[in-house]
Amino acid sequence: MIDMVGAAILFGVLILAVGRVQGNLNQTMAQNTFNINTQAEAVYVARLIEYEISKAGYGVTGSKISVADEHAVTFLGAMTFGGPVDSIAYYTGEADTTTMNPSDFRFIRYAKSSGEISQRLVMTQFDLSYYDSLNVKMATPVSGPNLKAIRGINVKFRVESAEPVTDASTGLSNYNAVTWEKLIYPRNLGKPF
Amino acid sequence: MGRTALFLVLGLGMAMGFIGLQMYRSDEAAIETQYAYLKYMNARNLARASVHAALRTYDKNVTPEVNVKTRFNNGTFQIDSLAPSANLDTLQMVTRGTFAESTYVMRLKLLRSTRPFPTVGAAIGIRAEPVKFSLSGHASVDGRAYDTTGTHLLGSGDKPGVTTMEDDDSAHVATVGGSNINGSPRVRVDTSVIDPKEYLDIYRNNADYFYNTPGTYSSQVWGSSSNPVIVYCNAGDDTSFAVKFTGGVIGYGILVVRGNVQFNGNLNFYGLVIVDGFNTMVSFGAAGTPGVVGGLIVAGNAGASVTLKGTGSNGKVVYSPGALARARNIGKLRYYTILDWYE
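Residue numbers (this note's numbering), protein chains in the order written: chain A, 10 to 202; chain B, 3 to 345.
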């Protein structure tokens with residue numbers, strides 16, 4: 010009889026422990042999932058931006074950048090080797106109300122050849138700054154003849170998780186985030202023509 | 003009871019193992035995402051390194067090798083193809099960087115240009131005013147255009163023998179030089195001779211041979227006709243010629259002399275010689291057959307002196323547009339302008 014009671018108690022303790030472990034594991038799994046999603050999105054955006062901005066001015070004669078402000082850039086360039094010149098733009102869109110994250114907005118990529126794509130990447134920051142041939146930061150928005158002086162484009166963005174993740178140990182809720190920043194020198198911006 | 007407990011523990015162990023596996027897969031996916039980006043970045047950097055390595059090889063007047071892998075930073079880079087234009091002004095290049103299984107290719111077209119070069123439209127262009135000038139022995143100056151070896155006249159493109167900044171100096175040089183100066187005309191005023199000072203730091207920083215300490219040097223070989231170089235001689239103001247070259251000196255490219263220098267014995271320099279400094283004195287000594295094929299610019303403070311002495315009979319300074327062109331095209335003095343860059 011004592012054995013039965015002891016076994017029942019032990020079983021109960023084990024079940025409680027397993028339940029707690031399961032809860033923590035679920036939380037960690039959710040955190041990991043958000044983490045992976047955030048990282049994957051950051052890498053996707055980073056590679057897209059690097060790929061396209063580094064082609065700014067490729068195959069272009071004359072003006073290469075037409076818009077250069079803090080949150081938007083528009084440039085011309087052929088995106089494939091020897092291909093047709095396209096007009097590409099990146100800018101921030103309206104706030105995204107479909108996520109729990111209060112700070113995110115849509116990230117918009119526009120291409121003249123394919124139109125506008127408004128993406129829900131849970132982006133919470135998209136900042137651009139511009140540098141001239143002496144590597145001096147230019148005042149934004151860059152406009153008029155100064156557009157021709159742009160030699161470097163610094164891109165900084167931050168993507169976060171769509172929902173908050175609660176830390177199992179502290180109980181605090183937060184958003185997973187990845188920040189990426191790079192100063193890109195599109196080689197074709199310095200062309201003499 | 004014991005059997006039930008055993009099954010319970012086994013069940014728990016399996017559940018934990020399954021959860022652990024799930025977490026491992028999740029971590030692995032995160033690491034793979036990061037590592038894939040790292041590989042991509044490294045491959046791109048290696049492709050860029052290939053471009054830079056190729057250009058630095060050209061700087062040494064050597065043609066880079068194609069399809070030869072270079073290992074660097076745990077990856078490799080190579081030039082897939084290289085197509086310079088006949089005059090080397092345009093350069094088309096395809097480079098490849100490989101890191102792990104990531105490959106990055108760059109296709110570029112560059113325009114090779116030469117830096118601004120101090121032109122001398124005479125055998126000797128004097129930029130100092132007033133100037134002390136003397137010729138003695140069989141020293142001579144010839145502004146007629148010679149080939150790169152200084153032995154054959156081209157028959158066209160002749161320049162003055164000596165140009166000065168002022169009429170008085172021109173008359174003085176013509177009187178002193180007499181029949182030892184040849185050219186079209188022998189002597190004239192030319193104020194367009196560029197002050198070489200703005201180029202001196204570039205030459206100093208890029209010098210292949212640098213003489214900065216007093217001494218007597220002999221049997222010096224500076225470059226070759228296919229690989230012209232920069233020689234910088236900072237001799238100071240010692241009128242007793244702290245820096246002396248006593249013979250067997252042959253050089254190609256650009257020779258910069260600051261201060262007082264004596265060239266004795268056999269000196270043969272093909273290219274541009276710039277003499278600059280305080281009261282500069284260049285003495286081609288009485289022995290041997292020192293000479294310059296190309297052009298000589300003399301610049302300096304008022305009163306800069308040029309003394310040419312020697313026993314040679316073929317002219318101490320002869321004008322050669324070909325030798326000057328080679329000096330102008332020294333690899334490391336070239337720069338590149340991007341015409342197209344696809345990556």
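The C-beta atom is built at its ideal place from N, Cα and C for all residues, glycine as well.
In this structure, Pro195(A) lies away from Ala87(A), with their beta-carbon atoms at least 9 Å apart. In the structure shown, Val30(A) falls within a helical segment according to DSSP collapsed to helix, strand and coil.
With contact defined as three or more Cβ pairs closer than 8 Å, the stretch 319 to 329 of chain B and the stretch 294 to 301 of chain B are in contact. At least 9 Å separates the beta-carbon of Tyr148(B) from that of Val277(B). Under DSSP, Leu57(A) forms no beta bridge with any residue.
For Ile45(A), the residues of chain B that pass the 8 Å Cβ criterion are Ser28, Ala31, Ala32 and Thr35, in the order they occur in the chain. Listed by position along chain B, the residues whose Cβ is nearer than 8 Å to that of Met132(A) form an empty set, because the closest Cβ is around 17 Å away. If you draw a straight line from the Cα of Ser96(A) to the Cα of Lys73(A), it comes to about 9 Å. Cβ-Cβ distances below 6 Å link Asn163(A) to Ser138 and Leu192 in the same chain, with the five nearest sequence neighbours on each side left out; the list follows chain order. Assignment of Glu34(B) by DSSP, reduced to helix, strand and coil, places it in the helix class. Taking C-beta atoms as the reference points, Val52(A) and Tyr106(B) fail to come closer than 9 Å.
The straight-line gap separating the alpha-carbon atoms of Gln80(B) and Ala55(B) is approximately 9 Å. Shown here for Ala45(B): same chain residues with a beta carbon closer than 7 Å to its own, the five before and five after excluded, namely Gly77, Gly99, Thr100, Phe101, Ser104, Thr105 and Tyr106 in chain order. Taking 9 Å as the CB threshold, Leu8(B) stays off the interface with chain A. Counting only the Cα atoms, Ser28(B) lies some 22 Å from Gly180(A).
For the pair Gly15(B) and Asn46(A), the Cα-to-Cα distance works out to about 29 Å. Each of Arg109(B), Asp61(B), Asp82(B) and Asn69(B) was checked against the Cα of Leu90(B), and the nearest Cα belongs to Asp61(B). Using a Cβ-Cβ cut-off of 9 Å, Met10(A) does not count as an interface residue toward chain B, since no Cβ of chain B sits closer than that to its own. In the three-state DSSP reduction, Lys73(A) falls in the coil class, being neither helix nor strand. Measuring C-alpha to C-alpha distances from Val187(A) to each of Arg160(A), Ala49(A), Gly92(A) and Ala17(A) identifies Ala49(A) as the nearest.
About 7 Å separates the CB atoms of Asp171(B) and Ile128(B); that is less than 8 Å, so the two are in contact. For Leu48(B), the closest C-alpha among the options Met108(B), Ser181(B) and Arg206(B) is that of Met108(B). The bridge partners DSSP lists for Phe212(B) are Tyr234(B).
Here the alpha carbons of Thr83(A) and Gly124(A) stand approximately 13 Å from one another. Per DSSP, Glu200(B) has no beta-bridge partner at all. Chain A places no beta carbon closer than 9 Å to that of Met16(B), leaving this residue out of the contacts. Taking 9 Å as the CB threshold, Ala49(B) stays off the interface with chain A. When only Cα atoms are considered, Val300(B) and Ala85(B) end up about 40 Å apart. Scanning its chain for C-beta atoms nearer than 7 Å, with the 5 sequence neighbours on each side dropped, one finds around Ser228(B) the residues Asn63, in chain order. About 26 Å separates the CB atoms of Thr193(B) and Leu335(B); that is not less than 8 Å, and the two are not in contact. Taking a 10 Å sphere around the C-beta of Ile256(B), we find 16 or more other C-beta atoms and assign the residue as buried.
Residues of the stretch 39 to 67 of chain A with a Cβ closer than 8 Å to any Cβ of chain B, in chain order: Asn41, Thr42, Asn44, Ile45, Gln48, Ala49, Val52, Ala55, Arg56, Ser63, Lys64 and Tyr67. Between the C-alpha atoms of His154(B) and Pro118(B) there is a straight-line separation of about 28 Å. In the structure shown, the three-state DSSP call for Tyr184(A) is coil. Annotation for Lys41(B): Phe101, Ala102, Glu103 and Ser104 place their beta carbon closer than 8 Å to its own, counting only its chain and skipping 5 residues before and after. DSSP places Val277(B) in the uninterrupted beta strand (DSSP E) bounded by Leu269 to Asp278.
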